[in-house]
């Protein structure tokens, strides 16, 4: 069979909204160059002046996963995959008693005790009950299984809601800049108008900050007064690295100022891909949908039912995340140790990277309070900007490419996410293994100092 | 917090293409009534004249899964979920040796040996290699990992391709009627024009038939000559119940008449939800994309990359389905026995149902050659049609509702899927447990005879 292409289909005959999408997931030239360098390294380890490419990107862009531990979660998932284990005596030597009990409970919630069937398109009801209980105890407010839609990660329900809410370019979506490509892609795909607003770097995620409760109240009031639907990406609710701040859901904040479902339409997204567990490959997630009329709720259900159901393992894991081992359970000590170990390691990585960035000429970076990303700014010398322009490259992409070429470190230019005009940034994550951080930092410092020297006017 | 709705959002401010979608997944009044009857039964078991509601629907509509066995598959999945098991001596007592070896192989394909990370957005490369090998040995033609996109079931890639291929209502999609709601929904959502053609009931799935190779050749020639993209739903490739027919992929058929990638753009969809394994809840699937130009292929990739990756367990299971135990492997005998047992049970269920339908007044049903559905026709008496019209109900929905009310048996009216005007059908699956079939059949027969008697003119 010849490799080739039938005559019919050209890019011009495809959906122009898809074609118009920027190739975010390749993150443009930087990531393409990183990939070719990695391939070079694999085929000829001696060629560049370093031994590996270090991705300081979002994990989905780097395809370099964190190897999470999560013993209790994995035990329960394995038992649910192969329930026959629950009938065998050797199982008690291999699995903790609370994992066995939890798997029994979960299988009891599923018709036929099998994870092989489709579930209700919102997800298994008993798992949604557990998640609603977890939300209620987190917020001190009621939560209902009927409002929970279990989904394949958090990207799927964001696409669902965008699909439902957007008619055409007359519909605008207020979106913080820098933004996650998930949101901007979704808007471009549906033809909505992006209504951007710039984050104060010292105050908002995705620049690594935790919103203050006061700021959240202002957002709630704005949405209430203007009749806006609030789509709250709350996937980093467990990733907070400062004692001075805590996670407050928008639902809780709205409740605290007396606003309930009659006042604000609110969708909260969560997933199993972050927190300390970082189980990105499981594609577990949920959205909690509150403050919609029953007619609109029917349409939410209709969009959700376009796919049969989300994967059952992801549903189970989402329920475990919202209902982890408790004090007194056999797994509690190891669960707590894993959790605290991972979160404090992330915190130390963040601190080391932030303090490095802040020590360098022309760079500044907000203290990482939460989430997994940093968004340092770099005041690029005029000669570097001219050199970039001469190559028809965004100055921050020029910086990132030079960084990659000389160190193998991959970051994403700020222009991919948006930034205040005239400022230059890059985005990186705090996810590299902690033992690699010192080497990454020393290579980064050496590059940056040489770069600033080279383009000094 | 008050339960209610904020003022902003009405159905009128939602995406009209979503609102225009029929509520297929509720399958209208019949399924809603079935659900309320089931709830009545649960709260008051004595009320209706039967003890349970029997869903003869697609499993996703009934939420009553088949409890599949699939021992080898589940063993491998459990070991991949919790790889720590591979280091323990007791594991050899609990798992078969080839499942252990396979799990080791699969983990070796994944960076970090962890299923917890995102994969490449097309799926783990080594798993795509295994799937391409399986396709190649099935068809006797080369298949390439680069052409495989691992997906959450087969619904996701169908939506992807529709999303990519449809610009507006000037784009038409030729679609067999009766159709699966996945396809018609997808077209409505993207605003394409449905170009329907009626299946000859005796010759095409979803009426339970296996296409002849000659018919497939005609379809290939039509697509080649008219420059049409062929979207081939090949999810029932293992569900064939007759010795006279076998599954031929459209890729193989095209190859057999000398057509390769330069002649026809072809997408083949497959999933882990059917076959004998029926692992619907795993949401594993793939599409194989051939005969597209490199520019168009980039756009396919772009659509796929809108979500980070499909769930890794589903990816693993899809690779197992395409590369099951072989002769000589420890699990081969039990795998073969399970597989043959389930497929022959499905075949017997189908045969019993088909011969019942054909024995009844005014009914006819094609012999079930493959897949999981039957689509019997019912010549409804004129008085039944008048009674339905008086209730402003489609005559086949009227029949289905009466069937439900008097027997608890749930089928889907043919009008949901489309049918030749003036004919009436219902769709049912062959999935009920075999031991329940005699009772279902006797209740069905009694109902049908009484119905025909009641409306006899």
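Chains as they are written, first to last, in the numbering used here: chain A, 1 to 457; chain B, 1 to 457.
Note that beta-carbon positions come from the ideal geometry of N, C-alpha and C, so glycine has one too.
Exercise for the section: Output the distance between the C-alpha atoms of residue 296 of chain B and residue 222 of chain B, rounded to the nearest integer angstrom. Expected result: 21 Å
Exercise for the section: Compute the minimum distance between the beta carbon of residue 451 of chain B and the heavy atoms of the ligand GDP, and state whether it is under 7 Å. Expected result: This structure does not include the ligand GDP; it has no bound ligands of any sort.
Problem - 8 Å Cβ shell around residue 349 of chain B - same chain, five flanking residues per side excluded - result: 430, 431, 432, 434 and 437
Practice task
Measure the beta-carbon distance from residue 76 of chain A to residue 110 of chain A and round it to whole angstroms, keeping in mind my assumption that it falls under 8 Å.
Solution key: Actually they do not touch by this definition, with Cβ atoms about 13 Å apart.
Practice task
Output the distance between the C-alpha atoms of residue 279 of chain B and residue 269 of chain A, rounded to the nearest integer angstrom.
Solution key: 27 Å
Exercise for the section: Give the DSSP-derived three-state secondary structure of residue 9 of chain A in the structure shown. Expected result: Here residue 9 of chain A sits in coil by DSSP.
Practice task
Say whether chain A places a C-beta atom closer than 8 Å to the C-beta of residue 18 of chain B.
Solution key: yes
Problem - Pairwise C-alpha distance: residue 391 of chain A and residue 381 of chain A - result: Cα to Cα, the separation comes out at about 16 Å.
Practice task
Report the partner residues of residue 146 of chain B according to the DSSP bridge assignment.
Solution key: DSSP output for residue 146 of chain B lists no bridge partner at all.
Practice task
Please confirm if residue 408 of chain B has its CB atom under 8 Å from at least one CB of chain A.
Solution key: For residue 408 of chain B, not one C-beta of chain A is nearer than 8 Å to its own C-beta.
Problem - Pick from B/292, B/409, B/262 and B/19 that is closest to residue 37 of chain B, judged by C-alpha positions - result: B/409
Exercise for the section: Can you give me the Cβ contacts of residue 238 of chain A inside the same chain, cut-off strictly under 6 Å, excluding the 5 residues immediately before and after it? Expected result: 275
Practice task
Consider the Cβ of residue 64 of chain A: report whether some Cβ of chain B lies at a distance smaller than 8 Å.
Solution key: Bear in mind that a pLDDT of 40 at residue 64 of chain A, under 50, signals an unreliable position, so the model cannot answer this.
Problem - Beta carbon proximity, residue 440 of chain B to chain A, threshold 8 Å - result: no
Handout entry: In DSSP terms, what residue 172 of chain B is bridged to
Key = B/193
Problem - Residue-chain proximity (residue 292 of chain B, chain A), Cβ-Cβ < 8 Å - result: yes
Handout entry: Beta carbon proximity, residue 98 of chain B to chain A, threshold 8 Å
Key = No, residue 98 of chain B lies away from the interface with chain A (no Cβ there is under 8 Å from its Cβ).
Handout entry: Other residues of its chain near residue 58 of chain A: CB distance less than 7 Å, five sequence neighbours each side excluded
Key = In this predicted model, residue 58 of chain A has a pLDDT of only 47, less than 50, meaning its place in the structure is not dependable; the value taken from the coordinates is given anyway. Excluding sequence neighbours, residue 58 of chain A sits near 429.
Practice task
Could you check the C-alpha separation between residue 455 of chain B and residue 208 of chain B for me, to the nearest Å?
Solution key: 29 Å
Handout entry: Beta-carbon neighbours of residue 163 of chain A, restricted to chain B and to distances below 7 Å
Key = 15 and 18
Handout entry: N- and C-terminal bounds of the beta strand (DSSP E) containing residue 287 of chain B
Key = 285–290
Exercise for the section: Tell me residue 374 of chain A's beta-bridge partners as DSSP assigns them. Expected result: A/428
Practice task
Measuring only between beta-carbons, confirm whether residue 296 of chain A sits less than 8 Å from chain E.
Solution key: In the structure shown, chain E cannot be found, because the protein chains are A and B.
Practice task
On a CA-only basis, which of A/421, A/246, A/15 and A/54 is nearest residue 412 of chain A? Give me that one, please.
Solution key: A/54
Exercise for the section: Indicate the three-state DSSP secondary structure (helix, strand or coil) for residue 159 of chain B in the structure shown. Expected result: helix
Handout entry: CB contact check: residue 93 of chain B to chain A, cutoff 8 Å
Key = Residue 93 of chain B counts as touching chain A.
Practice task
Return the first residue and the last residue of the alpha helix (DSSP H) that residue 267 of chain B is part of.
Solution key: Element bounds for residue 267 of chain B: not the alpha helix (DSSP H) but the beta strand (DSSP E), 266–271.
Exercise for the section: Helix, strand or coil for residue 130 of chain A, going by three-state DSSP, please let me know. Expected result: In this structure, DSSP gives residue 130 of chain A a helical state, which the three-state scheme calls helix.
Handout entry: Close Cβ partners of residue 272 of chain A (< 6 Å) along its chain, the five nearest in sequence each way excluded
Key = 279, 282, 284, 317, 318 and 321
Practice task
Would you mind reading off the limits of the beta strand (DSSP E) that contains residue 233 of chain A?
Solution key: 230–233
Exercise for the section: Name, please, each residue of chain B whose Cβ falls closer than 8 Å to the Cβ of residue 85 of chain A. Expected result: 78 and 94
Practice task
Starting from residue 187 of chain A, follow its DSSP beta bridges and name the residues at the other end.
Solution key: Answer by DSSP bridge pairing: none, since residue 187 of chain A is not bridged.
Exercise for the section: Consult DSSP for residue 332 of chain A and reduce its assignment to one of helix, strand or coil. Expected result: Looking at residue 332 of chain A - three-state DSSP - the assignment turns out to be helix.
Exercise for the section: Name the two residues that bound the continuous alpha helix (DSSP H) containing residue 104 of chain A. Expected result: For residue 104 of chain A, the enclosing alpha helix (DSSP H) stretches over residues 97–108.
Exercise for the section: Can you tell me the Cβ-Cβ gap for residue 288 of chain B and residue 147 of chain B, rounded? I've got them flagged as a contact below 8 Å. Expected result: The Cβ separation is near 5 Å, so the contact holds.
Problem - At least three beta-carbon pairs within less than 8 Å, the region 192–208 of chain B to the region 364–380 of chain B - result: yes
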